[in-house]
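> Residue numbers (our numbering), protein chains in the order written: chain A, 1 to 621; chain B, 1 to 244; chain C, 1 to 293.
Think of the CB as a built atom: it goes at the ideal place given N, C-alpha and C, for glycine as much as any other residue.
Predicted model, so just to flag it, every value in this text is computed and none were measured.
Following this message is one structure expressed as structure tokens.
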């Protein structure tokens, strides 16, 4: 795996070799029709490349950034084409002016799709997109009154003189392709783009740190389709004739996939590069070797080869290869030094909204978190069976209990990863059990995972700036790693002693380091309560000490903790309140001392000997 | 028929973590040895290392004084007569009870006469295999499923049976039955190595006990003695437990 | 009224054949979690292969299944070992993309070999029908459905009564449990895939007498088989049979009372509605890989 060129890496000087090459290539493309106005064939090929380029860069947003691989993307082209095609005769306006309407229609369909089909993932999602595309084609074919049926739609011929030729199409589509690429470049730099990538890496984790996945996915679908709709309108005008088979063709979708995969899924320039490879490949297999079926055969083979052997695509593979060569000198100093944690000023004090809630007549001494009668069943077992407890503001509460007592399930219910069958959860006096995970994060509830979930292909820095402490439309277009956020992230990384690790891809970190980064992530949310799931699991005693110190320091500043832990000495020493769970409910609560001397607790751990009649001699010392 | 198991200096884990950190363990043949210990101690990993699912990076595991299991693949270990019944989800819910039990004999399927004979033996030992032969395994209760799992594991006439938390999720009545079956297997001479969450139950029913903590063996000996050892409460609750 | 009965009966006959077409697809998904979008391409390939043998040898196409089936089995085994085994670890979407690539490559290969011409196999009973009272049942449909039923029965017996069949069902339900009893998931997967393609072999032969065959027809079959397994529950063989019968009737009713063009839309709608509302389908085989926390 190689790290992506995220916003942090993008702070390169403008005058690099790469950018110069791009500028030259762009100049060449602009100059081409002016220098060779008669070469209609090559202009047409380039036009096809531009169209595919627009489609591939758009698809990259939903598939490369967000991880939702759709095979229905060509539907947007068709929608744009048909919008313009059907209006062109009725409304006597140049199709160029109508093309943006194609974008609007595509965007509208994208909203519909985003809102409905994005609840499915994996197989279901891909299959749905296939069915959707076929449905569009079928409607196109079978509603001749509306769409002209299989006879298609003809558009008016361009009014300009023959000498101008294809140039308006050429330049407008070139501009669209450049615009589309700039759009993806821009998206990737923003908070929005960061959220999309987080969704791709780990959607549930992203939700738990405030990424409002439902809205993001709709926006991503719109971004992926709107420019394709515009391109569709122009393309229709260029073709002068459109029909459902050509405009809603699954093979076009597959070409989009191949172009993007070849170039590099998730990169900025990959889709365009791929378009420059795929279209000529089509032309060659279609034209030069003029036997039927060769084109498809080659296409299919290349697609299979790319998926099997080059899944990263050309650009990331080359980049990885270059990185490896660079690794010779000194960059093996990935021996970054982990430093001792430094004190940090936390804004644990409630923000404006939370203060208002406090002012709404909350009694003093009311618990910060209250769980009442929670029940959760799955797979035939009742994991949580009437669990009730309260956590006081400012406490360090330990939650212990034998294996299978339901502790992690309770965490899942509180953080929103699961819905309870019955029961209530209140946070700061408000019922939260019906809220989405991100809404709970906005209220100030954070949670770590036993297996430490980070976004593996993002850098440590990107991981720490990914959380959103509230949803604000104005935040979305902002630079992901900018000003105040970045400074804050650096502060927090410093706090956990990993200030040097910013640019390192998260997957390279050790287990213990990942735990620290996860904690830093949560602190970005300015949380009031953190649920820690086995913070001491799987790490060496030195680090356990450090984490305990960190927790104490944060608690002193007002952060409340609930800690699930199996390491008894650590948790009994650290916490000031204890909850013991067994069989899905709380069986004891109190101070650590009280818990240790509570016979019920020892019973819970050692278990009841049900199969013998003899009494257990109370051999407890 | 049962074989002794000897683990020396075994280090293993998965996903890069070292869970077992030098385990020295002697399991007596023809007896029930119960391993207990707090969470994260490595109990499940211990069983998985014996059955080959986890590879031992250091140390050796020998069966019956001869075969070095730590060098073999899981299927080779299975062929040597070491079967494992995992914590949960071992059965195939939509297959019938009979089919589930038959699958235990998968690696000897080319010897139908032997398979038939073993099936008869198992049916005699564990009546549910005959009584509910045609029922879907998914429709059975927890205790009944455990019995079917045991039946399945017996199809290979194993010399060493590894049980991962056999009492998990069972009610009182099923516990009695299940432990009865375990004792019966021992009485017929098999070696049983089991891991138990429920310390009193596990050590109460076993012959020998082992306490695992932090990836190492802390206590070893006769089950009764281990259970009454004063350090046990310490290990579980990280401190002394005063009398109520 | 007779028209309604006639339509439904015809729909059931067609559904019976559809069940065979979809069986291989759902079986493979059940064991390997892979949606082999190229399965219909193999159906078409077998159909063209049957056509080739029929036009040269004159043997009845249903008898030709004795040749096509083992050949397709071998082809399936090779394809698994060469291709599918390599991408098992990649994501669900990428495996769909891979099998799509395979489907397109197959379509191309078929186009190169047989050209894009509609071909039909026309055995002696091609235009004949059974007359039962007022009902007219085309012989080809009846024979095709009977042949499908036989093959499905054989498949059922294979799964229920043989060791390999039990191993397939075990691996499909619980790969860890299967591993514990010594089942080699790799071999079982290869075998399952090969069986799946073998059913496509029989299916293709049957397809050749019922439908015109040409390489690009795979797309309509992709829609149909996907619709069937989604409705029935992906991974469930009884579900595929049930889904096929329901959709066969639904399609025929739509074709008779609305129009033939709209009849294939039934499948698209079924896919969309089922996956959005009840993704496990009728027989509830859960989509293991899509489990969302």
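1. Take residue 170 of chain A and list the residues in its own chain whose beta-carbon comes closer than 7 Å to its own, dropping the five residues that flank it on each side.
2. Mapping the DSSP letters down to three states, classify residue 194 of chain A as helix, strand or coil.
3. Within the 7 Å Cβ cut-off, does residue 199 of chain B reach chain A?
4. Flag this pair as touching only if the region 79-98 of chain A and the region 140-157 of chain A have three or more C-beta atom pairs under 8 Å; answer yes or no.
5. Going by C-alpha to C-alpha distance, which of C:23, C:86, C:49 and C:83 sits closest to residue 70 of chain C?
6. Tell me which residues share the same chain as residue 121 of chain C and place their Cβ nearer than 6 Å to its Cβ, disregarding the 5 neighbours each side in the sequence.
7. Which of the three DSSP states is assigned to residue 55 of chain C in this structure?
8. By Cβ distance below 7 Å, which residues in the same chain neighbour residue 12 of chain C in space, the five residues on each side in sequence not counted?
9. Grab me the residues of residue 96 of chain B's own chain with a C-beta within less than 8 Å of its C-beta, minus the 5 sequence neighbours each way, in chain order.
10. Quick one: Cα of residue 9 of chain C to Cα of residue 114 of chain C, how far?
11. Taking 7 Å as the CB-CB limit, is residue 334 of chain A close to chain B?
12. How would you write the range of the beta strand (DSSP E) that residue 61 of chain B sits in, first residue to last?
13. Put residue 136 of chain C into one of helix, strand or coil per three-state DSSP.
14. Does DSSP classify residue 466 of chain A as helix, strand or coil?
15. Which class does residue 436 of chain A belong to by DSSP, given the choice of helix, strand or coil?
16. Around the Cβ of residue 510 of chain A, are there at least 16 other Cβ atoms within 10 angstroms (buried) or fewer (exposed)?
17. Are the C-beta of residue 39 of chain B and some C-beta of chain A separated by less than 7 Å?
18. How would you call residue 323 of chain A, buried or exposed, if buried means at least 16 neighbouring beta carbons within 10 angstroms?
19. How is residue 376 of chain A classed by DSSP in three states: helix, strand or coil?
20. Going by the beta-carbon positions, is the gap between residue 77 of chain B and residue 51 of chain B smaller than 7 Å?
21. In chain B, what lies closer than 7 Å to residue 34 of chain C by C-beta?
22. For residue 280 of chain A, return the contacting residues in chain C, with the cut-off set at a CB-CB distance below 9 Å.
23. Here's the rule I'm using: 16 or more other beta-carbon atoms within 10 Å means buried, otherwise exposed. How should residue 41 of chain A be labelled?
24. List the DSSP bridge partners of residue 96 of chain A.
25. Would you mind sorting residue 131 of chain C into buried or exposed? The rule is 16 or more other CB atoms within 10 Å of its CB.
26. Would residue 59 of chain A and residue 260 of chain A qualify as a contact pair, given that the criterion is a beta-carbon distance under 7 Å?
27. Where does the unbroken beta strand (DSSP E) through residue 161 of chain B begin, and where does it stop?
28. May I ask you to report which of helix, strand or coil DSSP gives residue 535 of chain A?
29. Using a C-beta cutoff of 7 Å, does residue 605 of chain A count as contacting chain B?
30. Taking 7 Å as the CB-CB limit, is residue 181 of chain B close to chain A?
31. Anyone know if the C-beta pair for residue 202 of chain B and residue 54 of chain B falls short of 7 Å?
32. Measuring CA to CA, which of A:133, A:439, A:405 and A:126 is closest to residue 585 of chain A?
33. Identify every run of the beta strand (DSSP E) within the region 175-228 of chain B, keeping only runs that are complete inside it and at least 3 residues long; order them along the chain.
34. What residue range is occupied by the uninterrupted beta strand (DSSP E) comprising residue 427 of chain A?
35. Among C:147, C:108 and C:174, which residue has its Cα nearest to the Cα of residue 19 of chain C?
36. Measuring CA to CA, which of A:274, A:542 and A:231 is closest to residue 101 of chain A?
Checking against the coordinates, here is how it stands:
1. The residue given as residue 170 of chain A occupies position 170 in the first chain. Taken in chain order, the residues that qualify are 33, 43, 46 and 47.
2. The residue labelled residue 194 of chain A in the question sits at position 194 within the first chain. The answer is helix: DSSP assigns residue 194 of chain A an H, G or I state.
3. Residue 199 of chain B sits at position 199 when you count from the first residue of the second chain. Residue 199 of chain B counts as touching chain A.
4. yes
5. One-based indexing of the third chain puts residue 70 of chain C at position 70. Closest option to residue 70 of chain C, Cα to Cα, is C:49.
6. As a first step, residue 121 of chain C is located in the third chain; it is residue number 121 there, counting from the start. Only 51, 54, 61, 208 and 209 meet the Cβ criterion.
7. Stepping through the third chain from its first residue, residue 55 of chain C is reached at position 55. If DSSP states are grouped into helix, strand and coil, residue 55 of chain C belongs with the helices.
8. What you label residue 12 of chain C is simply residue 12 of the third chain in a count that begins at 1. Within the same chain, residue 12 of chain C has close Cβ partners 245, 248 and 249.
9. By 1-based counting over the second chain, the position of residue 96 of chain B is 96. Excluding positions up to five away in sequence, the list reads 133, 134, 135, 136 and 137.
10. For the purposes of this step, residue 9 of chain C is taken as the residue at position 9 of the third chain. For the purposes of this step, residue 114 of chain C is taken as the residue at position 114 of the third chain. Rounded to the nearest angstrom, the two C-alpha atoms are 34 Å apart.
11. Stepping through the first chain from its first residue, residue 334 of chain A is reached at position 334. For residue 334 of chain A, the predicted structure reports a pLDDT of 46, less than 50, and the residue's modelled location is therefore unreliable. A value from the coordinates is still provided. It does not: the Cβ of residue 334 of chain A has no partner Cβ on chain B nearer than 7 Å.
12. Here residue 61 of chain B refers to the residue found at position 61 when the second chain is read from its first residue. Start and end: 56-63.
13. Residue mapping note: residue 136 of chain C aligns to position 136 of the third chain, counting from 1. DSSP places residue 136 of chain C in strand when its eight states are reduced to three.
14. Taking the first chain and counting its residues from 1, the one referred to as residue 466 of chain A is at position 466. If DSSP states are grouped into helix, strand and coil, residue 466 of chain A belongs with coil.
15. Taking the first residue of the first chain as 1, we reach residue 436 of chain A at position 436. Residue 436 of chain A: coil per DSSP, three-state reduction.
16. As a position in the first chain, residue 510 of chain A is number 510, starting the count at 1. Exposed.
17. Residue numbering aside, residue 39 of chain B sits at position 39 when the second chain is read from its first letter. So, interface residue.
18. Stepping through the first chain from its first residue, residue 323 of chain A is reached at position 323. Exposed is the call here.
19. Here the question's residue 376 of chain A lines up with position 376 in the first chain. Strand, per DSSP.
20. Reading the second chain from its first residue, position 77 is the one you call residue 77 of chain B. Reading the second chain from its first residue, position 51 is the one you call residue 51 of chain B. Taking 7 Å as the Cβ cut-off, residue 77 of chain B and residue 51 of chain B qualify as a contacting pair.
21. On the third chain, position 34 is the one that residue 34 of chain C refers to. The premise fails here: residue 34 of chain C is roughly 20 Å from chain B at the closest Cβ pair, so nothing lies under 7 Å.
22. Residue 280 of chain A sits at position 280 when you count from the first residue of the first chain. The premise fails here: residue 280 of chain A is roughly 18 Å from chain C at the closest Cβ pair, so nothing lies under 9 Å.
23. Position 41 of the first chain, counting from 1, holds the residue named residue 41 of chain A. With fewer than 16 other Cβ atoms within 10 Å, it is exposed.
24. Taking the first chain and counting its residues from 1, one reaches residue 96 of chain A at position 96. Paired residues: none, contrary to the question.
25. Position 131 of the third chain, counted from the start, is the residue given in the question as residue 131 of chain C. Per the 10 Å Cβ criterion, exposed.
26. Here the question's residue 59 of chain A lines up with position 59 in the first chain. Here the question's residue 260 of chain A lines up with position 260 in the first chain. Closer than 7 Å, so yes.
27. Counted from its first residue, the second chain places residue 161 of chain B at position 161. Per DSSP, residue 161 of chain B belongs to the beta strand (DSSP E) from 160-164.
28. Along the first chain, read from residue 1 onward, the residue named residue 535 of chain A stands at position 535. In this structure, residue 535 of chain A counts as coil in the three-state DSSP scheme.
29. Position 605 of the first chain, counted from the first residue, corresponds to residue 605 of chain A. By this cut-off, residue 605 of chain A is an interface position.
30. The sequence position of residue 181 of chain B within the second chain is 181, counting from 1. Taking Cβ atoms only, chain A never reaches closer than 7 Å to residue 181 of chain B, which makes this a no.
31. What you label residue 202 of chain B is simply residue 202 of the second chain in a count that begins at 1. What you label residue 54 of chain B is simply residue 54 of the second chain in a count that begins at 1. Result no, Cβ atoms of residue 202 of chain B and residue 54 of chain B do not sit closer than 7 Å.
32. The residue labelled residue 585 of chain A in the question sits at position 585 within the first chain. Comparing Cα positions, the closest option is A:405.
33. 191-195, 208-213 and 216-222
34. Taking the first chain and counting its residues from 1, the one referred to as residue 427 of chain A is at position 427. Note, residue 427 of chain A: beta strand (DSSP E), 422-427.
35. On the third chain, residue 19 of chain C is found 19 positions in, with the first residue counted as 1. That would be C:147, whose Cα lies nearest to the Cα of residue 19 of chain C.
36. Position 101 of the first chain holds residue 101 of chain A. The residue with the shortest Cα to Cα distance from residue 101 of chain A is A:231.
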